[in-house]
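J.: Each step along the sequence shown adds one to the number in full-length UniProt numbering, with nothing skipped, and position 195 is 195.
Let me begin by handing over the structure; questions about it come next.
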Amino acid sequence: MKLLLVEDDDHVAAALAAVLRRHGFEVGHARGGEEALQELLHGKLAPFDVVLLDLGLPDQDGFEVCGRIRKLTSTPVIMVTARADVRSRIHGLNLGADDYVVKPYDTGELLARIHAVARRTAPGDEAPDKPVEEEHESLRLGPLTLELPTRRVFVDGEDISLTRKEFDLLSLLAHRPGVVFRREQIISEVWRTSWEGTGRTLEVHVASLRSKLGLPELIETVRGVGYRLVVPAAAG
Numbered sequence: 001m002k003l004l005l006v007e008d009d010d011h012v013a014a015a016l017a018a019v020l021r022r023h024g025f026e027v028g029h030a031r032g033g034e035e036a037l038q039e040l041l042h043g044k045l046a047p048f049d050v051v052l053l054d055l056g057l058p059d060q061d062g063f064e065v066c067g068r069i070r071k072l073t074s075t076p077v078i079m080v081t082a083r084a085d086v087r088s089r090i091h092g093l094n095l096g097a098d099d100y101v102v103k104p105y106d107t108g109e110l111l112a113r114i115h116a117v118a119r120r121t122a123p124g125d126e127a128p129d130k131p132v133e134e135e136h137e138s139l140r141l142g143p144l145t146l147e148l149p150t151r152r153v154f155v156d157g158e159d160i161s162l163t164r165k166e167f168d169l170l171s172l173l174a175h176r177p178g179v180v181f182r183r184e185q186i187i188s189e190v191w192r193t194s195w196e197g198t199g200r201t202l203e204v205h206v207a208s209l210r211s212k213l214g215l216p217e218l219i220e221t222v223r224g225v226g227y228r229l230v231v232p233a234a235a236g
């Protein structure tokens with residue numbers, strides 16, 4: 001697996017890169033935002049499988065770098081930072097980060113999170129029993145339409161821009177409208193992890209979907225259990 005480490009502290013980067021290499025990773029290193037973008041596009045190891053992105057970079061804020069990365073590529077981004085406040089976590093996830101790890105962290109957990117996001121986005125990682133015809137399928141639920149092959153979402157014909165995880169979450173619920181999905185099940189299938197801390201990430205993504213789609217009643221919270229998709233009535 002090829003990983004781009006974006007970290008301006010050479011000592012921190014060297015120590016982490018050594019650990020990653022011992023676990024079989026090929027590691028590229030960038031010390032700033034512009035260098036990271038160049039590595040992603042033209043680096044010797046490009047294309048990368050995962051980006052580990054520090055937020056405190058010397059030339060530009062890591063949040064800005066994440067936004068620029070997301071415009072260029074769908075490569076998974078894990079933010080690794082000392083910023084532990086909830087607002088920063090929410091902002092990072094809304095920008096398209098796939099995960100958010102707070103320093104100091106356990107190396108084993110970081111490695112597991114890297115593998116989790118890589119599995120989630122790896123080509124050919126679909127469930128083996130997925131029907132072939134589903135690749136050409138569109139889901140139409142009232143004013144909501146999901147085009148599965150292109151991963152596009154429309155509400156009353158209007159194209160709605162979603163992040164990868166937002167689409168995955170919506171698609172999971174939309175395939176079985178009215179069925180309650182347990183929080184643990186959603187986290188397992190969308191984020192491929194079981195950490196309790198991912199629960200806040202799920203809440204943020206549900207809130208973001210409700211806002212972007214303009215259908216606040218679309219995803220119903222089933223208290224103490226999880227969420228389900230309620231088919232909305234077509235606008236009339």
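Ideal Cβ placement from N, Cα and C applies to all residues, glycine included.
Here the structure is a predicted model, which is why all the values come from computation and not from measurement.
Return the first residue and the last residue of the beta strand (DSSP E) that Lys2 is part of.
T.: It spans 2–6 - the beta strand (DSSP E) in which Lys2 sits, taken as one unbroken run.
J.: On the three-pair Cβ rule with 8 Å, is the region 85–93 touching the region 108–121?
T.: Touching, no, given that fewer than three Cβ pairs across the two stretches are closer than 8 Å.
J.: Assuming Asp54 and Glu7 make a contact with CB atoms under 8 Å, what is their CB distance in whole Å?
T.: The Cβ separation is near 5 Å, so the contact holds.
J.: According to DSSP, is Asp10 part of a helix, a strand, or is it coil?
T.: In this structure, Asp10 counts as helix in the three-state DSSP scheme.
J.: My output table needs one value for Thr107: the three-state DSSP class, helix, strand or coil.
T.: Three-state DSSP puts Thr107 in a helix.
J.: Checking the sheet assignment: what are the DSSP bridge partners for Thr221?
T.: Thr221 is bridged to Tyr227.
J.: Residue range of the alpha helix (DSSP H) that Asp168 falls in?
T.: Element bounds for Asp168: 164–174.
J.: Would you mind sorting Thr150 into buried or exposed? The rule is 16 or more other CB atoms within 10 Å of its CB.
T.: Exposed, because fewer than 16 other Cβ atoms sit within 10 Å of the Cβ of Thr150.
J.: Roughly how many whole angstroms lie between the Cα atoms of Gly96 and Val77?
T.: Between Gly96 and Val77, the C-alpha separation is close to 8 Å.
J.: Could you tell me the boundaries of the alpha helix (DSSP H) in which Arg152 lies?
T.: Not the alpha helix (DSSP H): Arg152 falls in the beta strand (DSSP E), residues 152–155.
J.: Please say whether Val225 and Arg192 have beta carbons closer to each other than 8 Å?
T.: Their beta carbons are not under 8 Å apart, which means Arg192 does not touch Val225 by this criterion.
J.: So, with DSSP's three-state summary, where would you put Gly28?
T.: Three-state result, Gly28: strand.
J.: Going by DSSP in three states, Phe48 sits in which element: helix, strand or coil?
T.: In the structure shown, Phe48 sits in coil (DSSP, three-state: anything other than H, G, I, E or B).
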